[in-house]
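The UniProt record's numbering puts the sequence shown at residues 1 to 469.
Glycine is no exception: its CB is placed at the ideal position from the N, C-alpha and C atoms.
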Amino acid sequence: MDPLELTLTEAATALHARQIGHLEYVQASLAHTERMAHLNAWISRDPERLMQQAKALDQNSAAPGGHTPLAGVPLAIKDNIDTADLPTSGGTRALLASRPRRNAAVVERLLQSGGLIAGKTNLHELALGGTTHNAVTGACRNPWNPLRIPGGSSGGSAVAVAARMVPAALGTDTGASVRLPAALCGVVGFRPSTGRYASQGLLHLSPTKDTAGPMARSVADVAWLDALLAQDPSDLPDVSLKGLRLGIPRGDFFEGADPQVLAVIEQALDTLVSEGVICVSLDVPDLKLHNDATGSTLVMFEMMQSLPAYAKAQGLSMDALLAGVGSPDVVRIFSGQLGDARVTATAYAGALSRRQKLQAAYARHFADHRLDALAFPTCRMTAPPVGHDDKVQLGGQAVPTFKTLIRNTDPGSNAGLPGISLPAGLTAEGLPVGLELDGALGSDRHLLAVAAAIERVLPRLPRPPMVQA
């Protein structure tokens, strides 16, 4: 048994059955984490505490008592989710030593289920970007090619899972931040319907859009974590691929994508069609119309309310928080919101109204075409090189990095829909490509069941070549 290759459910089962000891498992994880230090996935860890917890579990394993689902499995937590035992920094200098008084609600649910905290993971500074090229905590690197980004903002969580340092992790997703790094690192990332998980204890950007989201190497693991986090005990329904209806929005979601990405996605869709899936090509111009007037306006306005409130709760002023920002792209965002480019209350009210129209447009498309999910490339490109925070090359042109990376994930986020990114395969360069499935609002368990059925017929990605035991 290779402990590093165990999925979350496999690890929990093996630990509960005493096929492997808690300390043995944790030590293997810690040793491998040290070997992978060059990927810079972590901001803070406490290995000694983790080993003490594992020892205690081994010593108490013979004692009578109820079984905890996570059975002492170490999990990674993005460093903008509050933990009482480790700092919550948001990847920014002013909060590096910040110690919240209590755990976020989602962390508490994992701990109550028997999980352990392996550490806090690196992220794009204050979660305001898609590269996790952080000037304060250092660049996080993709395990498939360390010269490339892992995506963001939950880059460290995706790297920790893909590089086999932990079997699962929590990230947060505002417009892409779980699904994008999952796609670029070759793991599964799930954004639930907004409001499905408790939001207390998140370092919020936009309460309207933000949600925690699980990441793992299988849909079964993500579905298991979803059940724990949402306190939803329902089993996944059994979904057949025969007759499953997927909406394929080729215009806005496929147009302009890297040919290597499209080749992988088209191969995945061909496989699904051969299994009986019905792919319905459709145009969604009204989605783009409403989306363009929604997402960034909501985030920019709400973050100027939520960040000062979080800073104040940690005994900091907003000025002190801003003085600690080190990443140039994040500095520019704040400069705009503190200057003439700031979002007004009128513009914000307009964005909320447009969001309702966006949600109605999505509901109409799902109903009119009787769709189980929309399917499209999670990201129109593979992971670009580290350091290209302003512009990236796509199709022979220099295009804005952030807008390009989140173009396909952002509309569903703005509507609050559940979305999941699955590994669809590798390009000729050996880089992962993600297939995103977006479901109707509130259809989380059905979407996860659809994803599980699709996962079974897609190629399983190998361990990244550089990630050796």
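Under 8 angstroms between the Cβ atoms of T121 and N103? Residue mapping note: residue 121 aligns to position 121 of the sequence shown, counting from 1. Residue mapping note: residue 103 aligns to position 103 of the sequence shown, counting from 1. Their beta carbons are not under 8 angstroms apart, which means T121 does not touch N103 by this criterion.
For G65, which of helix, strand or coil comes out of DSSP? Residue numbering aside, residue 65 sits at position 65 when the sequence shown is read from its first letter. With a pLDDT of 45 at G65, under the threshold of 50, the predicted position of this residue should be treated as unreliable, though the coordinate-derived value follows. Three-state DSSP puts G65 in coil, outside helix and strand.
Can you grab the Cα-Cα spacing for the pair P259 / I149, in whole Å? Translated into positions along the sequence shown, residue 259 becomes position 259. Translated into positions along the sequence shown, residue 149 becomes position 149. Each residue's Cα considered, the two are about 20 angstroms apart.
The beta strand (DSSP E) spanning G119 covers which residue range? Taking the first residue of the sequence shown as 1, we reach residue 119 at position 119. Run containing G119: L116 to T121, per the beta strand (DSSP E) assignment.
Which residue comes first and which comes last in the alpha helix (DSSP H) that contains A71? As a position in the sequence shown, residue 71 is number 71, starting the count at 1. It is not in any alpha helix (DSSP H) - A71 carries neither H nor E in the DSSP assignment.
Determine the DSSP secondary structure at V264, reduced to helix, strand or coil. In the sequence shown, the residue the question calls residue 264 occupies position 264. Here V264 sits in helix by DSSP.
Is R93 helix, strand or coil by DSSP? As a first step, residue 93 is located in the sequence shown; it is residue number 93 there, counting from the start. Helix.
Is it true that the segment 140-159 meets the segment 342-349, where meeting means three or more beta-carbon pairs spaced less than 8 angstroms apart? no
Considering just the uninterrupted stretch of the beta strand (DSSP E) at P423, what are its terminal residues? In the sequence shown, residue 423 corresponds to position 423, counting from 1. Segment G419 to L426, the beta strand (DSSP E) holding P423.
What did DSSP end up calling C185 once you bin it into helix, strand or coil? Translated into the one-based positions of the sequence shown, residue 185 becomes position 185. DSSP places C185 in helix when its eight states are reduced to three.
Considering only the beta carbon of each residue, do L4 and G72 sit closer than 8 angstroms? If you number the sequence shown from 1, residue 4 lands on position 4. If you number the sequence shown from 1, residue 72 lands on position 72. Contact flag unset, no.
Cβ-Cβ distance between L435 and I265 below 8 angstroms: Stepping through the sequence shown from its first residue, residue 435 is reached at position 435. Stepping through the sequence shown from its first residue, residue 265 is reached at position 265. Result yes, Cβ atoms of L435 and I265 sit closer than 8 angstroms.
Just the C-alpha distance for G315 and G91, rounded to the nearest angstrom, thanks. For the purposes of this step, residue 315 is taken as residue 315 along the sequence shown, with counting starting at 1. For the purposes of this step, residue 91 is taken as residue 91 along the sequence shown, with counting starting at 1. Taking the straight line from one Cα to the other gives about 17 angstroms.
Taking a contact to mean a Cβ-Cβ separation below 8 angstroms, would you say A440 touches L241 in this structure? Within the sequence shown, numbered from 1, the residue matching residue 440 stands at position 440. Within the sequence shown, numbered from 1, the residue matching residue 241 stands at position 241. The answer is no: Cβ separation not under 8 angstroms.
Segment limits, beta strand (DSSP E) that includes S44: For the purposes of this step, residue 44 is taken as the residue at position 44 of the sequence shown. Counting along the chain, the beta strand (DSSP E) containing S44 begins and ends at W42 to S44.
With burial defined as no fewer than 16 other Cβ atoms inside 10 Å of the residue's Cβ, what is the status of K209: buried or exposed? On the sequence shown, position 209 is the one that residue 209 refers to. The residue is buried, with at least 16 neighbouring Cβ atoms inside 10 Å.
Are the CB atoms of A230 and R179 nearer to each other than 8 angstroms? For the purposes of this step, residue 230 is taken as the residue at position 230 of the sequence shown. For the purposes of this step, residue 179 is taken as the residue at position 179 of the sequence shown. Taking 8 angstroms as the Cβ cut-off, A230 and R179 do not qualify as a contacting pair.
If you draw a straight line from the C-alpha of L431 to the C-alpha of A383, how long is it? Taking the first residue of the sequence shown as 1, we reach residue 431 at position 431. Taking the first residue of the sequence shown as 1, we reach residue 383 at position 383. C-alpha separation (whole angstroms): 7 angstroms.
Considering only C-alpha positions, which residue in the set Q267, A257, A17 and T297 is nearest to P459? As a working note, residue 459 is residue 459 in the sequence shown. It is Q267 whose Cα lies nearest to the Cα of P459.
Hey, out of L272, L23, N291 and A12, whose CA is closest to S353's CA? Within the sequence shown, numbered from 1, the residue matching residue 353 stands at position 353. Taking only the C-alpha atoms, the option nearest S353 is N291.
Given L202 as reference, the closest of S89, I81, H124 and G247 once Cα atoms are compared: For this step, residue 202 is matched to residue 202 along the sequence shown. When each option's Cα is compared against that of L202, the closest is I81.
Express the C-alpha separation of L437 and G247 in angstroms, rounding to a whole number. The sequence position of residue 247 within the sequence shown is 247, counting from 1. The sequence position of residue 437 within the sequence shown is 437, counting from 1. Straight-line Cα distance between these residues: approximately 9 angstroms.
Output yes or no for whether 8 angstroms exceeds the beta carbon distance between P192 and D226. Position 192 of the sequence shown, counted from the first residue, corresponds to residue 192. Position 226 of the sequence shown, counted from the first residue, corresponds to residue 226. Result yes, Cβ atoms of P192 and D226 sit closer than 8 angstroms.
Ignore the nearest five residues each way along the sequence and tell me which others in I278's own chain have a CB closer than 6 angstroms to its CB. Locating residue 278 in the sequence shown gives position 278, counting from the first residue. For I278, where only same-chain residues beyond five positions count, the Cβ hits under 6 angstroms are R245.
Inter-stretch contact (C-beta, 8 angstroms, three-pair minimum) for the segment 15-31 and the segment 52-59: yes
T13 burial status per 10 Å Cβ neighbour count (16 or more: buried): Working through the sequence shown from its first residue, we reach residue 13 at position 13. It is exposed - the Cβ of T13 has fewer than 16 other Cβ atoms within 10 Å.
Take I366 and list the residues in its own chain whose beta-carbon comes closer than 6 angstroms to its own, dropping the five residues that flank it on each side. Your numbering for residue 366 matches position 366 in the sequence shown. A small fix is needed here, since residue 366 is Phe in this sequence, not Ile. Excluding sequence neighbours, F366 sits near A440.
Bridge partners - A449, DSSP secondary structure assignment: Numbered from 1 along the sequence shown, position 449 holds the residue referred to as residue 449. Beta-bridge pairing links A449 to no other residue.
Residue nearest to F254 in terms of C-alpha spacing, selected from P237, F376, L289 and D372: Stepping through the sequence shown from its first residue, residue 254 is reached at position 254. Comparing Cα-Cα distances from F254 to each of P237, F376, L289 and D372, the minimum goes to F376.
Going by C-alpha to C-alpha distance, which of G425, H446 and V450 sits closest to R463? Walking along the sequence shown from the start, residue 463 turns up at place 463. The residue with the shortest Cα to Cα distance from R463 is G425.
Just to confirm my understanding: we take D286, look at its own chain, exclude 5 residues before and 5 after, and list those with CB closer than 6 angstroms. What are they? Here residue 286 corresponds to residue number 286 of the sequence shown, with the count starting at 1. Closer than 6 angstroms at Cβ, skipping near neighbours: A361.
Are the CB atoms of L39 and V188 nearer to each other than 8 angstroms? The residue you call residue 39 lines up with position 39 of the sequence shown. The residue you call residue 188 lines up with position 188 of the sequence shown. Taking 8 angstroms as the Cβ cut-off, L39 and V188 do not qualify as a contacting pair.
CA-CA distance, S177 and R18? Locating residue 177 in the sequence shown gives position 177, counting from the first residue. Locating residue 18 in the sequence shown gives position 18, counting from the first residue. About 36 angstroms.
In terms of residues, what are the limits of the beta strand (DSSP E) holding K391? Taking the sequence shown and counting its residues from 1, the one referred to as residue 391 is at position 391. First-last of the beta strand (DSSP E) with K391: K391 to L394.
Contact set for Q59: own chain, Cβ-Cβ below 7 angstroms, skip 5 residues either direction: The residue given as residue 59 occupies position 59 in the sequence shown. Excluding sequence neighbours, Q59 sits near nothing in its chain.
Applying the criterion that 16 or more other CB atoms from any shown protein chain within 10 Å of the CB defines a buried residue, is A220 buried or exposed? If you number the sequence shown from 1, residue 220 lands on position 220. Counting Cβ neighbours within 10 Å, A220 comes out buried, since at least 16 surround it.
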